[in-house]
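Heads up: the structure comes next, in structure tokens.
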Amino acid sequence: MISRHFHQRLFLFLYLCLSSRSPSVAAADHLSNPLADPPKWKLLEKYQRTITHDEFERLLRTVYATHGISDELIRIDRDFACILMERDAQAWFTLRFAKEEKRQEPANRNWRTAKSLPRQKRAGVLSGLKIALDPGHIGGEWAKMEERWFKMGDRPPVEEGEMTLRVAKMLAAKLRALGARVSFVRQKNEPVTPFRPDDFKGAAREVLKAGGSENPREDFDGPDDPLKEKTVRWQSEILFYRNSEIRQRARLVNARLQPDLVLCLHFNAEAWGDERNPTFIDKNHLHLLVNGSYLESELAFADERFEMLRRLLSRAFDEELKIAETVAATMAKEMQLPPYQYTTDNVTKVGTSGYVYARNLVATRLYQCPVVYFEPYVMNNSEVFARVQTGDYDGTRPINGVERPSIYREYVDSVVKGLVEYYRGAR
Ligand SMILES: [Zn+2]
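Quick note: to get my numbering, add 9 to the position in the sequence shown (first position is 1).
The structure is reproduced here in structure tokens:
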């Protein structure tokens, strides 16, 4: 009886894993980006039999492939899943499921859950916890290129990259006082990558050519040029600050820092138009991001498909969601901000707080440990602008007639409160 069943399964497996490809997705059989690392599928071998069928399905359907996934890419059977490695060769990776949920954690992880941290008497609540702080963007002379800079009249400019570094430095002091071992992914307003935009002109031409632009313009006419995305300069700048920079940060996090948790620090904004005459809006909000919600078009790229599976199998989600939910609650309470509601379809709400979304960002995808990505405050909201202009201070000051702490301390203190609450409860 076993053998008949086995043969049916084997037939289904061969059918599933060897059947022909569809021409519609075959065209997308390449990497997402000229700087992407080709996937190393062998690295997933260590996850054989570490996850049950039901758990794999749950994570795939509710967190990672929430927009659906073609069976040209992943096929799930009762005992195993087949994942497409190379379309042309029709090479598939077979992941065997565990028969039942095992108690032990997946093999060879470089990070620890709150539960697996050593207990230390009398040390702080975060003792031994390795936290890497990732201040979003580069700032400094790169802030305008990154489109993270605006200025009102003769007031000092608002530069997200400098604000996030300031938050990181204040946060580091508080976390260390509680026993955490804190490292920085970026320590100054300089790129972490050794490359500069000019190094990516060739790659930029490749990207434009792939998009149908054979003879692209070299430069664009300022930030309002509607065709700037079709120029070599714009593409090489994007490859520099969004790709090369974040990929270099990922190498640092994964190879050198190896933290238990990365906090990606940002300030949010709504479209402000002209950087020297920004539009101000009434909206102000908060949200936190974890990795997930891959679009089908993203999963068609071999690198993103591999990286999604590596994240799913590392089981970082359950840890990062609990951290994000706890910290979201303390941030919402201290900041008195409503949750941001996305108008795009590239996110999926996860958890129950209403503040946490899954989204496929390069950083949350490539850092190989739990990652929580913070997006509080709308910088071009007039109250937030007033608070940023007031800077850091002790106690409270009147902002539009209401006594408020410094925006930096409110950010830092609410994150610390949430982390303390989580680790006190979970350790
Ligand atoms: Zn940001």
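A virtual CB, placed ideally from N, CA and C, is assigned to each residue, including glycine.
Alpha-carbon to alpha-carbon, residue j and residue i
| i | j | result |
| --- | --- | --- |
| ILE83 | ILE416 | 45 Å |
| PHE22 | ARG374 | Residue confidence is low: PHE22 scores 45 on pLDDT, short of 50, so the model does not pin down where it sits. Its coordinate-derived value is still stated next. The alpha-carbon atoms of PHE22 and ARG374 are separated by roughly 29 Å. |
| ASN300 | ARG396 | 30 Å |
| PRO32 | LEU217 | Model confidence at PRO32 stands at a pLDDT of 34, short of 50, so the residue's coordinates are unreliable; what they give is reported in the following sentence. Cα-Cα distance, rounded: 23 Å. |
| GLY170 | ILE85 | 43 Å |
| THR288 | ARG256 | 32 Å |
| ARG131 | GLY188 | 10 Å |
| ARG205 | TYR250 | 9 Å |
| LYS51 | ARG258 | 23 Å |
| LEU174 | CYS273 | 11 Å |
| GLU279 | LEU304 | 23 Å |
| GLN129 | LEU135 | 10 Å |
| THR240 | PHE229 | 6 Å |
| THR61 | GLU110 | 6 Å |
| TYR398 | PRO165 | It should be noted that the sequence gives Gln, not Tyr, for residue 398. Roughly 7 Å separates the two Cα atoms. |
| ARG157 | TYR351 | 20 Å |
| PRO47 | HIS39 | 9 Å |
| GLY137 | SER423 | 21 Å |
| GLN57 | GLN99 | 21 Å |
| ASP283 | ALA341 | 30 Å |
| ASP268 | ARG67 | Here residue 268 is Pro; the residue named in the question, Asp, does not match the sequence. The alpha-carbon atoms of PRO268 and ARG67 are separated by roughly 26 Å. |
| GLY149 | TYR402 | 23 Å |
| PRO225 | PRO203 | 26 Å |
| THR445 | ARG418 | Because the chain here runs from 10 to 436, residue 445 falls outside it and cannot be looked at. |
| ALA231 | ALA152 | The amino acid occupying residue 231 in the given sequence is Gly; Ala does not appear at that position. Approximately 15 Å, taken between the alpha carbons. |
| GLY493 | ARG96 | Residue numbering for the chain in the displayed model covers 10 to 436; residue 493 lies beyond these limits and cannot be assessed. |
| PHE20 | ARG87 | Only weak support exists for where PHE20 lies, its pLDDT of 46 falling under 50; the coordinates are left without a value. |
| ARG433 | MET154 | 42 Å |
| GLN244 | LYS160 | 25 Å |
| PRO127 | ARG121 | 10 Å |
| MET172 | ASP63 | 43 Å |
| GLU316 | PRO348 | 28 Å |
| GLU254 | ASP143 | 12 Å |
| GLY404 | MET179 | 15 Å |
| ASP354 | ALA219 | 25 Å |
| PHE65 | PRO414 | 44 Å |
Proximity of residue i and residue j at Cβ, strictly below 8 Å
| i | j | result |
| --- | --- | --- |
| PHE106 | MET94 | no |
| GLU223 | ARG242 | no |
| ALA141 | LEU298 | no |
| TYR431 | THR335 | yes |
| ASN263 | TYR376 | yes |
| GLU199 | ILE147 | yes |
| ALA435 | LYS124 | yes |
| ALA338 | GLY427 | yes |
| LEU346 | LEU295 | yes |
| GLU384 | ILE408 | no |
| LYS49 | ASN117 | no |
| SER302 | ALA372 | no |
| CYS378 | ASN119 | yes |
Any chain C beta carbon closer than 8 Å to residue i
| i | result |
| --- | --- |
| THR75 | Among the chains of the structure shown, chain C does not appear; only one protein chain is present. |
CB-CB length for residue i against residue j, believed under 8 Å
| i | j | result |
| --- | --- | --- |
| VAL72 | VAL359 | 6 Å |
| LYS183 | VAL425 | 5 Å |
| VAL191 | ALA181 | 5 Å |
| PHE89 | LEU104 | 6 Å |
| ASN369 | GLU328 | That pair is no contact at about 18 Å. |
| LEU322 | THR59 | 7 Å |
| ARG44 | ASN252 | Reading off the sequence, residue 44 comes out as Leu, not Arg. The pair is a contact, with the Cβ atoms about 5 Å apart (cut-off 8 Å). |
| ASN389 | ASP291 | Between ASP291 and ASN389 the Cβ distance is about 11 Å, and since that is not below 8 Å, they are no contact. |
| VAL356 | LEU261 | Contact doesn't hold; Cβ gap of about 27 Å is too wide. |
| ILE92 | LEU318 | 6 Å |
| VAL387 | ASN293 | 5 Å |
| HIS275 | GLY145 | 4 Å |
| message | I want to know whether the region 179-199 touches the region 226-241 - three or more CB-CB distances under 8 Å. | response | Flag = no, the region 179-199 and the region 226-241 do not touch.
Self-check item: contact_flag[the region 205-220, the region 306-323] where n(CB pairs < 8 Å) is 3 or more
Solution: Taking 8 Å as the limit for Cβ pairs, the verdict is that the region 306-323 does not touch the region 205-220.
- Query: At what residue ranges does the region 117-200 contain a whole run of the beta strand (DSSP E), taking only runs of 3 or more?
  - Reply: With a minimum length of 3 residues, the continuous beta strand (DSSP E) runs that stay inside the region 117-200 are 139-144, 190-193.
Could I get the ranges of all uninterrupted alpha helix (DSSP H) runs contained in the region 296-358, with 4 residues as the minimum, in chain order?
Within the region 296-358, the runs of alpha helix (DSSP H) at least 4 residues long that lie entirely inside it are, in chain order, 305-308, 311-323, 325-344.
Discussion item. My parser needs the beta strand (DSSP E) runs of 3 or more residues fully inside the region 350-406; what are they?
Written reply: Runs of the beta strand (DSSP E) inside the region 350-406: 356-358, 365-368, 380-385.
*Contiguous alpha helix (DSSP H) assignments of at least 4 residues, all confined to the region 201-280*: Given a length threshold of 4 residues, each whole run of the alpha helix (DSSP H) inside the region 201-280 is given here in chain order: 210-219, 241-247, 254-260.
Exercise. For the region 42-97, which segments carrying the beta strand (DSSP E) assignment without a break, of at least 3 residues, lie completely within its bounds, in sequence order?
Worked result: Along the length of the region 42-97, whole beta strand (DSSP E) runs at least 3 residues long occupy 83-85, 89-95, reported in chain order.
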